[in-house]
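Engineer: Let me give you the structure first, and then I'll get to my questions.
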Amino acid sequence: MTRVTLQTIADELGVSRMTVSNAFSRPDQLSADLRDKVLATATRLGYSGPDPAARALAKGSVGTIGLVFTDRLHYAFTDDVATRFLAAISEELAESGRGLTLLGSKAHGDLVPTRDIPLDGALVYACRASSEAVEWLLRRGLPLVFVDQEPHQGYPSVNVDDRGGARAAAQHLVDLGHRRVAVITRLVDENGVADLDTLSAAPYTTQQRMAGWWDALEPAGVAPIVVNAQDSTEAAGYAAAGFFLSLPADRRPTAVLAYSDRIALGAVQAARDLGMDVP
786 MTRVTLQTIA
796 DELGVSRMTV
806 SNAFSRPDQL
816 SADLRDKVLA
826 TATRLGYSGP
836 DPAARALAKG
846 SVGTIGLVFT
856 DRLHYAFTDD
866 VATRFLAAIS
876 EELAESGRGL
886 TLLGSKAHGD
896 LVPTRDIPLD
906 GALVYACRAS
916 SEAVEWLLRR
926 GLPLVFVDQE
936 PHQGYPSVNV
946 DDRGGARAAA
956 QHLVDLGHRR
966 VAVITRLVDE
976 NGVADLDTLS
986 AAPYTTQQRM
996 AGWWDALEPA
1006 GVAPIVVNAQ
1016 DSTEAAGYAA
1026 AGFFLSLPAD
1036 RRPTAVLAYS
1046 DRIALGAVQA
1056 ARDLGMDVP
């Protein structure tokens, strides 16, 4: 069977090869009727369109923006905040005709996603800014935006005031008179008593929230019980709360600071299941 090309369609319609090419890559150059006629003929002849790689090379753009996560891509679909962020980014890119590629930060054999996958730029989100994955993006010279990351010199960043918000929450508890306080944080991906020596390796948002809590607690002489939640789910919050809710009444915390709303909801449920009154 003879391979169908742009020239095949052009000959069929009696137009130039450039006219056919424009129907696929520069539709604004043709009238709607002519473009529809070209596309209908291409469909009838079994032509699927120009080679995407060749088009990208010619345009100098692949039409795709990367979104860098950790090596656990399921985080994009299981974390409440991440899913809303992903949805908003997808909608915005769709309006400009661009696609979104999710990138893990971990190499897979010879494939290093941030090194090998064609991109026009990337958002660095749930990934440490100092990781090798980000280093490859920097070496490629791609446009980058850092989200919920420590600001990177020369690149735009988008952050909320995690430290200020955490400080305000902790100060509220101090002002209410609480001195036995528990903190459920996200230093590592496991439940248990937190090892504060691992704080320097924790995500930027975790470091900022911890700093904010301590800004208010330390001056008040509060030494909190710190436990870790393996993820930002209610189940993880429930499990983490068990490490301090089982303490004797005279040692049990009277207030809890949680890394996320979902973790807080889990901790509240754990307390209620033990017959405790939670405002």
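Quick note: the sequence shown uses my numbering, first residue 786, plus one each step.
The beta carbon of each residue, even a glycine, is placed where N, CA and C say it ideally should be.
1) Tell whether a beta-carbon distance below 8 Å holds between A918 and S890.
2) Once you ignore the five residues that flank T1039 on each side, which residues in its own chain have a CB closer than 6 Å to its CB?
3) When the distance is taken between beta carbons, is T970 closer than 8 Å to T983?
4) So the candidates are A1049, S1031 and Y832; which of them puts its Cα closest to the Cα of G1060?
5) Rounded to the nearest angstrom, what separates T787 and D974 at their Cα positions?
6) On the DSSP bridge assignment, give the partners of I969 in chain order.
7) For the ligand ATP, I want to know if P1004 counts as a neighbour, meaning its beta carbon is within less than 7 Å of at least one of the ligand's heavy atoms.
8) Would you kindly work out how many angstroms separate the C-alpha atoms of M995 and E935, rounded to a whole number?
9) Classify P941 as buried or exposed, calling it buried when 16 or more other Cβ atoms lie within 10 Å of its own Cβ.
10) Please report the residue range of the beta strand (DSSP E) in which I874 lies.
11) In chain order, what residues of the same chain lie with their CB nearer than 7 Å to the CB of V789, ignoring the 5 residues before and after it?
12) DSSP state of T886, grouped into three classes?
Structural biologist: Put simply:
1) Yes.
2) Excluding positions up to five away in sequence, the list reads H963 and R965.
3) Using a Cβ distance threshold of 8 Å, T983 and T970 do not count as a contacting pair.
4) Looking at A1049, S1031 and Y832, the one whose alpha-carbon comes closest to that of G1060 is S1031.
5) Going by the C-alpha atoms only, they are around 57 Å apart.
6) DSSP lists V1012 and A1043 as the beta-bridge partner residues of I969.
7) The ligand ATP is not among the ligands present in this structure, which contains no ligands whatsoever.
8) Using only the alpha carbons, I get a separation of about 15 Å.
9) Residue burial is scored here from C-beta neighbours: P941 has fewer than 16 other C-beta atoms within 10 angstroms and is therefore classed as exposed.
10) Unbroken run through I874 is the alpha helix (DSSP H), D865 to E880; no beta strand (DSSP E).
11) L830, G831 and Y832, listed in sequence order.
12) Residue state, collapsed to three classes: strand.
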